[in-house]
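Structure first, commentary second.
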Amino acid sequence: MMAALVLAITVQRNLFSAVILTGVYSFLMASVLVALDAVDVAMTEASVGAGISTVLMLGALYLVRGEEAKPIRGALLPLLVSIGVGAALIYGTLGLPAFSDPAAPIHTHVAPRYLNEAVRETGVPNVVTAVLASYRGYDTLGETTVVFTAGAGVVALLRRRRNREHGDRR
Amino acid sequence: MKGDLILRVVAKLFIPFVLLFALYVQFHGELGPGGGFQAGVIAAAALVLYAIIFGRDAARRLVPDRLVEAMMAAGVLIYAGVGIAGLLLGGNYLDYFVLDHDPVHGQERGIFWVEVGVAVTVSGVMLKIFSMFADRGREAELDE
Amino acid sequence: MTSFGGHYSYFVTVLLMVAGLYITIARGNLVKKLIGLSIFQTSVYLLYIAPGKLIGATAPIVAKGYGTYSNPLPHVLILTAIVVGVATIALGLALVVRIREAYGTVEEDRILEEDRGPDERAK
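Heads up: the protein sequence lines correspond to chains W, A and R, in order. Numbering follows the working numbering, in which position 98 of the first sequence is assigned residue number 98; successive positions increment by one, without gaps. Numbering follows the working numbering, in which position 113 of the second sequence is assigned residue number 113; successive positions increment by one, without gaps. Numbering follows the working numbering, in which position 83 of the third sequence is assigned residue number 83; successive positions increment by one, without gaps.
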């Protein structure tokens, strides 16, 4: 179903419907993530992807006045490049462990320690929160700074100086 | 007019529950799915809904621009502040073990404040970005 | 060839990745390119989380009565990645808005023409 959706997004010329379809795609992705036991990630993807991201795109579309024409000029080469990249990636993934293989490397190094020790050391049952805020807390500090920088960047790009408006735009 | 009325009534019923849900997700992030990011985004989404339905002026009266800008920075400072508190109390930077009499309670306290900082910054940034887009369009309309 | 069924999740991921890549490089409209970028990003989330799942295990929240849990480490990485991704898309959209105001269009072809135009006229 997601493949059909992505195909539809590709072909869509009307930008408004493309954005709405992208919101639907985010919701589908969130459902798939729940099926894969990633509940925290699913909640974040649903709220961020289908909520905020769609709103921001619609806001930008409103400012850009939704120009719809996307003339295709020589679409064969990008298609071949994409399919070539896809083939190379599939060839690469054949060497990776099969789905749900308990002996895969990612299950045997650090993860068992986190799962076993998290409640004893931090008193927090949600292991993802414990790892995010405590074991890997430094990374989360960096991420919060990135979010702040993005906000500051948008403010810097879009803030208007009311007195020198017209001289400022060009 | 009628459509307008339905939207406003439904929104007035809906938005307090969404904000409450954001608080719930924030504080239950340790026991179930959730945490700072999700809570911040959900709170921002509730306020964005308010701004869309009731207009930017009403939203600006509710949450002034200065407050949103302050929130953006305050969250990062809270997070860094927890780290410095760890330093001042004798441990390493961002060390939670020294924050309380008992290492496990220290961890819980540290995690709590860190998640609060994250939620404040994320909700502030999302709201600010939306306001920037919305106000830009409004001023373009006023120009023309 | 190694077991086809065991690698199904990778095939889906690569399909989504290829679609996102194609939209980003083949479409001329800047907003469409950003949409393609967002699709590419979500396919990468799938790439990381699918191998973490163990069939028969449950979400990584420790509770009585559950033995095995799915791996929490990819969840942490992808949580960060999602938020950084939306920050990137927001900044990209802000840039598109400014480009629209400066050039009057968001079609890549016309923007390139505008850039090339004045130079050729000046010669």
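Quick reminder that beta carbons are idealized off the backbone N, C-alpha and C, glycines included. Keep in mind the model is a prediction, meaning the values are calculated, not measured.
Worksheet item: With a cut-off of 9 Å, does the C-beta of W/Met-29 fall near any C-beta of chain A?
Response: Taking Cβ atoms only, chain A never reaches closer than 9 Å to W/Met-29, which makes this a no.
Discussion item. Is there a C-beta anywhere in chain R that falls below 9 Å from the one on W/Ser-26?
Written reply: Cβ-Cβ to chain R under 9 Å: yes for W/Ser-26.
Worksheet item: Which same chain residues, not among the five before or five after A/Val-48, have their C-beta less than 8 Å away from its C-beta?
Response: Hits under 8 Å: Met-126, Leu-127 and Phe-130.
Worksheet entry | Backbone CA spacing between R/Ile-25 and W/Pro-78 [nearest angstrom] | Approximately 7 Å between the Cα atoms of the pair.
Worksheet item: Between W/Leu-56 and W/Ile-20, what straight-line distance do the alpha-carbon atoms span, to the nearest angstrom?
Response: So the alpha carbons of these two residues sit roughly 12 Å apart.
Worksheet item: At a CB-CB cut-off below 8 Å, which residues of chain R make contact with W/Ala-118?
Response: For the C-beta of W/Ala-118, the chain R residues within less than 8 Å are, from N- to C-terminus, Val-62.
Item to complete: Classify R/Thr-42 as helix, strand or coil using the three-state DSSP reduction.
Response: Three-state DSSP puts R/Thr-42 in a helix.
Worksheet item: Looking only at DSSP bridge pairs, what is R/Gly-58 linked to?
Response: This sequence places Thr at residue 58 of chain R; Gly is not what is there. Looking at the DSSP output, R/Thr-58 shares a beta bridge with R/Tyr-69.
Discussion item. So, at 7 Å on beta carbons, what are the nonlocal neighbours of A/Asp-100 in its own chain, with the 5 sequence-adjacent residues on each side left out?
Written reply: So the list reads Gly-106 and Arg-109, once near-sequence residues are dropped.
Fill in: chain R residues whose Cβ lies nearer than 8 Å to that of A/Val-122
Chain R residues near A/Val-122: Val-83.
Item to complete: Check whether the region 88 to 98 of chain W touches the region 55 to 70 of chain R, counting contact only when three or more Cβ pairs, one atom from each stretch, lie closer than 8 Å.
Response: With the cut-off at 8 Å, the region 88 to 98 of chain W and the region 55 to 70 of chain R do not touch.
Practice prompt. For W/Glu-45, name the three-state secondary structure that DSSP assigns.
Written response: In the three-state reduction of the DSSP assignment, W/Glu-45 falls in the helix class.
Worksheet entry | Range of the contiguous alpha helix (DSSP H) that encloses A/Arg-66 | Where A/Arg-66 is concerned, the enclosing alpha helix (DSSP H) starts and stops at 65 to 88.
Worksheet item: What did DSSP end up calling R/Glu-107 once you bin it into helix, strand or coil?
Response: R/Glu-107 carries a strand assignment under DSSP once its states are collapsed to helix, strand and coil.
Item to complete: Please compile the residues from chain A whose C-beta is within a distance smaller than 8 Å of the C-beta of W/Phe-16.
Response: The contacting residues do not exist; W/Phe-16 stays about 15 Å from chain A at best.
Discussion item. Taking 9 Å as the threshold (C-beta atoms), are W/Ile-52 and R/Val-18 in contact?
Written reply: It is not a contact, given that the beta carbons lie outside the stated cut-off.
Fill in: Cα-Cα separation, A/Glu-69 to A/Val-98
Rounded to the nearest angstrom, the two C-alpha atoms are 32 Å apart.
Discussion item. Taking the straight line between their C-alpha atoms, what separation do you get for R/Arg-27 and W/Val-154?
Written reply: Going from the Cα of R/Arg-27 to the Cα of W/Val-154 covers about 25 Å.
Item to complete: For A/Val-114, collect the residues of the same chain with a Cβ closer than 7 Å to its Cβ; drop the 5 residues on either side in sequence, then sort them by chain order.
Response: Excluding positions up to five away in sequence, the list reads Tyr-79 and Val-82.
Worksheet item: Tell me which same chain residues have a C-beta within less than 6 Å of the C-beta of A/Val-76, skipping the five on either side of it?
Response: Within its own chain, the residues whose Cβ lies closer than 6 Å to the Cβ of A/Val-76, once the five positions on either side in sequence are excluded, are Thr-121, listed in chain order.
Discussion item. I need the DSSP call for W/Asn-14, collapsed to helix, strand or coil.
Written reply: In the structure shown, W/Asn-14 sits in coil (DSSP, three-state: anything other than H, G, I, E or B).
Practice prompt. Report buried or exposed for A/Ile-84, applying the criterion of at least 16 other Cβ atoms within 10 angstroms of its Cβ.
Written response: Answer is exposed; the Cβ neighbour count stays below 16.
Practice prompt. Could you tell me which residues DSSP puts in a beta bridge with R/Asn-29?
Written response: The secondary-structure analysis by DSSP pairs R/Asn-29 across a beta bridge with R/Glu-107.
Worksheet item: Can you find a C-beta in chain W that's less than 9 Å from the C-beta of R/Ile-35?
Response: Taking Cβ atoms only, chain W reaches closer than 9 Å to R/Ile-35, which makes this a yes.
Worksheet item: Terminal residues of the continuous alpha helix (DSSP H) containing W/Asn-126?
Response: Bounds of any alpha helix (DSSP H) do not take in W/Asn-126, whose DSSP letter is neither H nor E.
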